[in-house]
Amino acid sequence: MFEARLVQGSLLKKILEATKDLLTEATFDCSSTGMSLQAMDSSHVSLVSLMLRSDGFDAYRCDRNLSMGINLTSMTKIIKCSSNDDVVTIKADDNNPDTVTFMFESPNQEKVSDFEMKLMDLDTEHLGIPETDYSVVVKMPAQEFQRVCRDMSQIGESVTICCTKDGIRFSASGDLGTGNIKIAQSANVDKEEEAVVIEMQEAVTLTFALRYLNFFTRATSLSGQVSLSMSPEVPLVVEYKIADMGYMRYYLAPKIED
Amino acid sequence: KAGQSKLTAFFAGP
């Protein structure tokens, strides 16, 4: 028996929005720890890693580990049938292993809907991602990062990110010319969410495809802040924290000189 | 020009 109840049901809409450009299907792994998902996009350039800890749900029960192969397009159709203020419960029954049920309850309990969705048999290949100490970790407002990625993609297809202790510089070049955006570390801020904080061991310069970074910024509504973790010649980690529950992380392989 | 690398070049597979 698996049952996970989320009063803030709209969170699922935001999570699906944050995966839709990268994934069409994925396996949700459910255990007593929580629900997680790890999947690469079809070109194997980026990876989505979602963690929703069990203690972040309003009720959570998982008697035995369960892998649910989900067509995300179908799940999106079903989740769109919920209202933003609905309580969402995800249920899977051991006696009926080929389906998952989504139940939506209005706040006043007057409307209750349930949708049963067929699960898929997916070949999932989990990548082993080692714990890494990154050379640079930048925390900045998620909306600012979204704006930078959008603006840089007006200029070119890739962005070079150069991070020093003074700040972070984004540069792009293309047929029309070049663009640079430099953001300094905040001197002092009233609101933590508005801060730009750079933790640096060594300066790093890396180049990434903007197409993917723009896909990642679909997660902007999940969190006020985003963190960018970088080391020379390894994948970038873009993390959006999901308050009191976990995170949505994206990994992106760098562009490398041949 | 820099080429796009793949994640599988960095992380161990299944």
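Just so you know, the protein sequences line up as chains L and A, in that order. Residues in the first sequence are numbered consecutively from 599, following the numbering used here. Residues in the second sequence are numbered consecutively from 929, following the numbering used here. We put the beta carbon where it would ideally sit given N, CA and C, even for glycine. A quick note: this is a predicted structure, and the numbers were derived from the prediction, not measured.
Should residue i and residue j be called a contact, given that it needs their Cβ atoms to be closer than 7 angstroms?
{"i": "residue 715 of chain L", "j": "residue 676 of chain L", "result": "yes"}
{"i": "residue 687 of chain L", "j": "residue 701 of chain L", "result": "yes"}
{"i": "residue 619 of chain L", "j": "residue 665 of chain L", "result": "no"}
{"i": "residue 770 of chain L", "j": "residue 757 of chain L", "result": "yes"}
{"i": "residue 776 of chain L", "j": "residue 853 of chain L", "result": "no"}
{"i": "residue 655 of chain L", "j": "residue 720 of chain L", "result": "no"}
{"i": "residue 859 of chain L", "j": "residue 824 of chain L", "result": "Residue 859 of chain L lies beyond the range of chain L shown here (599 to 856); nothing can be said about it."}
With residue i and residue j assumed to form a contact (beta carbons below 8 angstroms), what rounded beta-carbon distance in angstroms separates them?
{"i": "residue 691 of chain L", "j": "residue 607 of chain L", "result": "Residue 691 of chain L to residue 607 of chain L, Cβ: 20 angstroms. No contact."}
{"i": "residue 659 of chain L", "j": "residue 631 of chain L", "result": "Actually they do not touch by this definition, with Cβ atoms about 13 angstroms apart."}
{"i": "residue 761 of chain L", "j": "residue 794 of chain L", "result": "Contact doesn't hold; Cβ gap of about 11 angstroms is too wide."}
Cβ closer than 8 angstroms: which chain A residues qualify as neighbours of residue i?
{"i": "residue 725 of chain L", "result": "935, 936, 939, 940, 941 and 942"}
Residues of chain A with CB closer than 7 angstroms to the CB of residue i, please, in chain order.
{"i": "residue 855 of chain L", "result": "930"}
{"i": "residue 805 of chain L", "result": "930"}
Using the beta-carbon of each residue, which ones in chain A are nearer than 9 angstroms to residue i?
{"i": "residue 644 of chain L", "result": "935"}
{"i": "residue 851 of chain L", "result": "932, 933, 934, 935, 936, 937 and 938"}
* To do: Check distances from the C-beta atoms of the stretch 816–849 of chain L to those of chain A and list, in chain order, the residues that come in under 8 angstroms.
  => 832, 833 and 849
* To do: Could you tell me whether the stretch 738–754 of chain L touches the stretch 697–709 of chain L, where touching means 3 or more Cβ pairs closer than 8 angstroms?
  => no
* Between the stretch 610–638 of chain L and chain A, which residues of the former have a C-beta closer than 7 angstroms to a C-beta of the latter? -> Under the 7 angstroms Cβ criterion, the stretch 610–638 of chain L contributes 638.
* Asked: Touch check for the stretch 805–818 of chain L and the stretch 831–848 of chain L: three-plus C-beta pairs under 8 angstroms?
  -> yes
* Touch check for the stretch 610–617 of chain L and the stretch 795–812 of chain L: three-plus C-beta pairs under 8 angstroms? -> no
* the stretch 841–849 of chain L in contact with the stretch 643–652 of chain L per 3-pair CB rule at 8 angstroms -> yes
* **Contact between the stretch 721–731 of chain L and the stretch 772–784 of chain L (3+ Cβ pairs under 8 angstroms)** => no
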